[in-house]
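Written below as structure tokens is the structure these notes are about.
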Amino acid sequence: MSNPPALLSVEDLSKSYGGVHAVRGVSFALQAGEILALIGPNGAGKSTCFDMLNGQNVPDSGRIHLRGQDTSGSKPRAIWRLGVGRTFQITATFATMTVRENVQVALASYQGQLFNPFASMPRFAPAEAGRLLELVGMGGYAERPCGELAYGDLKRLELAIALANQPKLLLMDEPTAGMAPRERIELMRLTARIAREQAIGVLFTEHDMDVVFEHADRILVLNRGSLIAQGSPEQVRRDPQVRAIYLGEGLLYDARHRDGAGA
Amino acid sequence: MAFYFVQFLTGLASAASLFLVASGLSIIFGVTRIVNFAHGAFYMLGAYMAFTLTERFSGALGFWGGIVAAALVVAAVGVLVEMVLLRRIYHAPELFQLLATFGLTLMVEDLVVLIWGPNDLLGRRAPGFRGAVDFFGQNIPTYELFLIALGPVVLGALWLLFQRTRWGVLVRAATQDRDMVAALGVNQKWLFTSVFAVGVFLAALGGALQIPRDAVNHAMDLRIIVDVFVVVVIGGLGSIIGAFVAAVLVSELNAFGILVFPKISIILVFAVMALVLIVRPWGLFGKPQAGARRTPGLTVTPWRPLTSNERLAALAALALAAALPLIGGNYALTVGSEIAIFVIFAASLHFLMSVGGLASFGHAAYFGLGAYGVALLAKLAGLPMIGCLLLGPLLGLLGAALFGFFAVQLSGVYFAMLTLAFAQIVWSIAFQWVAVTGGDNGILGVWPEPWAAGAAHFYWLSLGIAALAVACLRIIVFSPFGYALRATRDSPLRGEAIGIDGKRVQWTAFVIAGTVAGVAGALFAYLKGSVFPDSLGISLSVDALVMVLLGGVETVSGAVVGAIVYKALSIWLVSQTDWSKLVLGGVIVLIVVAFPKGIVGILETLRHRRRSALPKPLAPGMESAG
Numbered sequence: 001m002s003n004p005p006a007l008l009s010v011e012d013l014s015k016s017y018g019g020v021h022a023v024r025g026v027s028f029a030l031q032a033g034e035i036l037a038l039i040g041p042n043g044a045g046k047s048t049c050f051d052m053l054n055g056q057n058v059p060d061s062g063r064i065h066l067r068g069q070d071t072s073g074s075k076p077r078a079i080w081r082l083g084v085g086r087t088f089q090i091t092a093t094f095a096t097m098t099v100r101e102n103v104q105v106a107l108a109s110y111q112g113q114l115f116n117p118f119a120s121m122p123r124f125a126p127a128e129a130g131r132l133l134e135l136v137g138m139g140g141y142a143e144r145p146c147g148e149l150a151y152g153d154l155k156r157l158e159l160a161i162a163l164a165n166q167p168k169l170l171l172m173d174e175p176t177a178g179m180a181p182r183e184r185i186e187l188m189r190l191t192a193r194i195a196r197e198q199a200i201g202v203l204f205t206e207h208d209m210d211v212v213f214e215h216a217d218r219i220l221v222l223n224r225g226s227l228i229a230q231g232s233p234e235q236v237r238r239d240p241q242v243r244a245i246y247l248g249e250g251l252l253y254d255a256r257h258r259d260g261a262g263a
Numbered sequence: 264m265a266f267y268f269v270q271f272l273t274g275l276a277s278a279a280s281l282f283l284v285a286s287g288l289s290i291i292f293g294v295t296r297i298v299n300f301a302h303g304a305f306y307m308l309g310a311y312m313a314f315t316l317t318e319r320f321s322g323a324l325g326f327w328g329g330i331v332a333a334a335l336v337v338a339a340v341g342v343l344v345e346m347v348l349l350r351r352i353y354h355a356p357e358l359f360q361l362l363a364t365f366g367l368t369l370m371v372e373d374l375v376v377l378i379w380g381p382n383d384l385l386g387r388r389a390p391g392f393r394g395a396v397d398f399f400g401q402n403i404p405t406y407e408l409f410l411i412a413l414g415p416v417v418l419g420a421l422w423l424l425f426q427r428t429r430w431g432v433l434v435r436a437a438t439q440d441r442d443m444v445a446a447l448g449v450n451q452k453w454l455f456t457s458v459f460a461v462g463v464f465l466a467a468l469g470g471a472l473q474i475p476r477d478a479v480n481h482a483m484d485l486r487i488i489v490d491v492f493v494v495v496v497i498g499g500l501g502s503i504i505g506a507f508v509a510a511v512l513v514s515e516l517n518a519f520g521i522l523v524f525p526k527i528s529i530i531l532v533f534a535v536m537a538l539v540l541i542v543r544p545w546g547l548f549g550k551p552q553a554g555a556r557r558t559p560g561l562t563v564t565p566w567r568p569l570t571s572n573e574r575l576a577a578l579a580a581l582a583l584a585a586a587l588p589l590i591g592g593n594y595a596l597t598v599g600s601e602i603a604i605f606v607i608f609a610a611s612l613h614f615l616m617s618v619g620g621l622a623s624f625g626h627a628a629y630f631g632l633g634a635y636g637v638a639l640l641a642k643l644a645g646l647p648m649i650g651c652l653l654l655g656p657l658l659g660l661l662g663a664a665l666f667g668f669f670a671v672q673l674s675g676v677y678f679a680m681l682t683l684a685f686a687q688i689v690w691s692i693a694f695q696w697v698a699v700t701g702g703d704n705g706i707l708g709v710w711p712e713p714w715a716a717g718a719a720h721f722y723w724l725s726l727g728i729a730a731l732a733v734a735c736l737r738i739i740v741f742s743p744f745g746y747a748l749r750a751t752r753d754s755p756l757r758g759e760a761i762g763i764d765g766k767r768v769q770w771t772a773f774v775i776a777g778t779v780a781g782v783a784g785a786l787f788a789y790l791k792g793s794v795f796p797d798s799l800g801i802s803l804s805v806d807a808l809v810m811v812l813l814g815g816v817e818t819v820s821g822a823v824v825g826a827i828v829y830k831a832l833s834i835w836l837v838s839q840t841d842w843s844k845l846v847l848g849g850v851i852v853l854i855v856v857a858f859p860k861g862i863v864g865i866l867e868t869l870r871h872r873r874r875s876a877l878p879k880p881l882a883p884g885m886e887s888a889g
């Protein structure tokens, strides 16, 4: 049914822990250059879903195809090799290295130079590392110890690391968690710009609805492990089921006003 | 048939003490997250104390009262240790906790010799359990039957203690989340102290109960601690049931292993441990460890290669060292060679520890394997010296490849325990396999060929190889591989997400470190002209750890300075005192508590501070931060 082969296609993905169906029968596709948000209330199965996509969790059933290859149950580094960049909900960087070295390691890994004993890391691809750091606005911090960075800067550094293997797909788990409102908007604008320029597909989970509705091309809504809605931000916003389950405050708001009129 | 049954019962009886000690270790670890290396020392103290008390008091009451009183006295010593030492290091990195308790072990070893003398002591037999039961012509001592019954009784008592008392509930809660327990208003200090006391009591009781079975001696601490580590690795650290099941398993394997492989019975235990590690890396009843703690207190000054000035300074130092034969006599040159060899050894461990974050407590295994490799090649194959020096370290490489494969599956304390157990296994093989290794008598007559036989020549050879080894390791540190290794240490999650195969990288690092240690061992064999099991013993592993720590574990090449200072000091110390272990142990504890950064680390901090004290223009954006 999908004529241009999707960058990422997920079919009937399921995972349960004991009797709890964390994810059941989730299917969706992601095209190159598309920004797709995965949302849902706490416990909806977002993280389980995400972990299966990035190889940290093995699905019970269902298929994940990445650029035509079946990656269900592959290891994270095998998925990375297919051109996937990752950022984590809690940033994962190399604290004892400088900002530049963080990117250089990723570049060395991408170029298959990790076991080259004659290469010197401090001199490894400095131009490329500098370019990536400039791209995320971290050019001025290249020589800073990574352990000294503020959290928002760590998030940007993570993005630079994730871009080092020239990914076709970015998987971002709560990219703006723990950031100040202004930083959130800046980081997501930056991500969106890079994604559009380089035709990178982006899948991200997010709690901040402002971020989701501003940047996502399409939104997937999970509830209790099942996909209850998907579509453009407008469609999702209008979806009565989504409003009932996810945007519960709205109903509460309505109800309060109804009651408030009486009181 | 009856014989096998009796053998089975003997195994069960041995399991009792092992279980007591292992459960104590597990309980302490569960709450305080400290793997108490000194647990074997408390076990030994329990045995010595019980010997004294049961000799002093007569009668059944005197004996059994003496056993319990001994355990209580040692538990009181444990409380003191916890309050004075451990409370200072609960928040230190794991490595420092392991080392501090190890230092304690060394001190206790010398202290018991000071107090009770160096000879084996034979304790009284237990009143009421002096006889034996006849079983189809085989004798079973009744004391063994008593011990067999005791194991499950203690297990049941511990179960009741943890399930039915308020204290037990608190301990279980603290095992799951000690910060939350503290937040709920429980006095953590006393909870930790009481848990430590109970754990030490169990260890001391285990030791005290051994006196009717075995002679008391000052080497029993290391013997038991290795068995206990194997037990908790198999059973799962923190699980009491696991400790019980694994203690029985290990004891039975030992009991029957003697029948199957009389010479190298320990192989059987090793095989089972390896199997468990592959199938369930966290032990039969253990739970996966939460992600390794960040190493707090770690300075984040990133490493950098030497500047050209520093390179010149290093070369000048090397040239100065090479001039030693001009002023020093033969003795000075022999000491110089030994120091150079230990620089190689320490640098290899430092690479594994500071770059890889893998603290091996059994690094001497690969040093010793290199030494035995050379000795065997020279004696059995009759190879020339160059051939031996090149091929001997390959034995270290092979050992590191085999053991490293299993060791890197684990991290942190499990890694430390496992490497120690592996080293003990290699030591046992060298000690027991007399036909090949000569056992305790070692292999003699491994002398260098004429071109290297002179003291000055051998010194230059050692110095040259040391300089080469340190330079090579530095190059590796700043090569992509060194960064991949650091990346895996800093954040395994991120490493995997940028395509780094962490286990493979760590395994490679383990093999590199083991091979370089093997090179040191190969030179050592020629320096001494002989090889003994000591060269793969625990004390040598600890020496290396102290050198690394003394130099500074967060530095790139601190081990070089650490090795020189430590080796020179200890050679001097041995000539000055008979109680070198006591002093050494004290030094370790002191370094951990007072100078965790080591010599080079302190120098770097001073330099850094002086540099940042210089006035400099504010960086943009720093003005507001003021």
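Sequences listed follow chains P and Z, in order.
Mind the numbering: the first sequence is residues 1 to 263 in my numbering, read in order.
Mind the numbering: the second sequence is residues 264 to 889 in my numbering, read in order.
All residues carry an ideal CB built from backbone N, CA and C; glycine is no exception.
query, result
"In whole angstroms, give me the CA-to-CA distance for Leu454/Z and Val336/Z.", "19 Å"
"So what does DSSP say about Asp477/Z, is it helix, strand or coil?", "coil"
"Is the distance from the Cβ of Ile503/Z to the Cβ of Ser289/Z below 8 Å?", "yes"
"Rounded C-beta distance between Ala628/Z and Val676/Z? I'm assuming under 8 Å.", "The Cβ separation is near 18 Å, so there is no contact."
"Helix or strand or just coil, what does DSSP make of Arg24/P?", "strand"
"Taking 8 Å as the CB-CB limit, is Ile161/P close to chain Z?", "yes"
"Hey, is Glu867/Z's beta-carbon within less than 8 Å of any beta-carbon in chain P?", "no"
"How far does the alpha helix (DSSP H) with Thr87/P in it extend, from its first residue to its last?", "Where Thr87/P is concerned, there is no enclosing alpha helix (DSSP H), although the beta strand (DSSP E) it sits in stretches over 84-87."
"Applying the 10 Å Cβ sphere with the 16-neighbour rule, what's the burial state of Ala304/Z?", "buried"
"Could you check whether the region 138-148 of chain P touches the region 92-102 of chain P, counting it as contact only if at least three pairs of C-beta atoms, one from each stretch, sit closer than 8 Å?", "yes"
"With burial defined as no fewer than 16 other Cβ atoms inside 10 Å of the residue's Cβ, what is the status of Tyr635/Z: buried or exposed?", "buried"
"What is the residue span of the beta strand (DSSP E) that Pro551/Z lies within?", "Neither: Pro551/Z is in no beta strand (DSSP E) and is coded neither H nor E."
"Go to Ser843/Z, then tell me how far its beta strand (DSSP E) extends in each direction, as first and last residue.", "First-last for Ser843/Z: 843-857, but that is the alpha helix (DSSP H), not the beta strand (DSSP E)."
"Quick one: grab the DSSP three-state call for Glu128/P.", "helix"
"Can you tell me where the beta strand (DSSP E) holding Tyr141/P begins and where it ends?", "That residue, Tyr141/P, is in no beta strand (DSSP E); it is neither H nor E in DSSP."
"What's the gap between the Cα of Glu197/P and the Cα of Gly33/P?", "8 Å"
"Nearest to Glu128/P by CA position, among Asn223/P, Met121/P, Leu107/P, Phe118/P, is which residue?", "Leu107/P"
"Cβ atoms of Ile488/Z and Phe300/Z: under 8 Å apart, would you say?", "yes"
"Would you grab the beta carbon distance between Leu587/Z and Ala595/Z for me? Rounded to a whole angstrom, and I think it's under 8 Å.", "7 Å"
"Please name the residue in Leu531/Z, Val461/Z, Ala537/Z whose C-alpha comes closest to that of Val496/Z.", "Ala537/Z"
"So with CB distances below 7 Å, who are the chain P contacts of Pro743/Z?", "Ala108, Gln113, Leu114, Asn116, Ala119, Met121, Phe124"
"With a floor of 4 residues, list each alpha helix (DSSP H) that falls wholly inside the region 372-450 of chain Z, ordered by position along the chain.", "405-427, 429-439, 441-446"
"Just checking my contact of Val298/Z with Met680/Z at CB under 8 Å: how many whole Å lie between their CB atoms?", "7 Å"
"Residues of the region 748-764 of chain Z with a CB closer than 7 Å to any CB of chain P: list them in chain order, please.", "Arg749, Ala750, Asp753, Ser754, Leu756, Arg757, Glu759, Ala760, Ile761, Gly762, Ile763, Asp764"
"Give the interface partners of Glu101/P over in chain Z, defined as CB-CB distance under 8 Å, in chain order.", "Pro565, Tyr746"
"Along the beta strand (DSSP E) that carries Lys15/P, what are the first and last residues, could you check?", "8-17"
"Going by the beta-carbon positions, is the gap between Gly341/Z and Thr438/Z smaller than 8 Å?", "no"
"Using a 10 Å radius around the Cβ and a threshold of 16 neighbouring Cβ atoms, would you call Met443/Z buried or exposed?", "exposed"
"Quick one: does Pro568/Z have its CB under 8 Å from some CB of chain P?", "yes"
"Which of the three DSSP states, helix, strand or coil, is assigned to Asn276/P?", "For chain P, the structure presents residues 1 to 263; residue 276/P sits outside this window and is missing."
"For Arg286/P, which residues does DSSP report across the bridge?", "Nothing about residue 286/P can be read from this structure; chain P reaches only from 1 to 263."
"For Gln230/P, write down the residues that DSSP places opposite it in a beta bridge.", "Leu220/P"
"Roughly how many angstroms lie between the CA atoms of Glu214/P and Leu222/P, to the nearest whole one?", "19 Å"
"Which class does Leu673/Z belong to by DSSP, given the choice of helix, strand or coil?", "coil"
"Pick out the complete alpha helix (DSSP H) segments inside the region 458-539 of chain Z, 4 residues or longer, and give them in chain order.", "483-498, 503-523"
"Run down chain P in chain order and give the residues with a C-beta less than 9 Å from the C-beta of Ile739/Z.", "Pro117"
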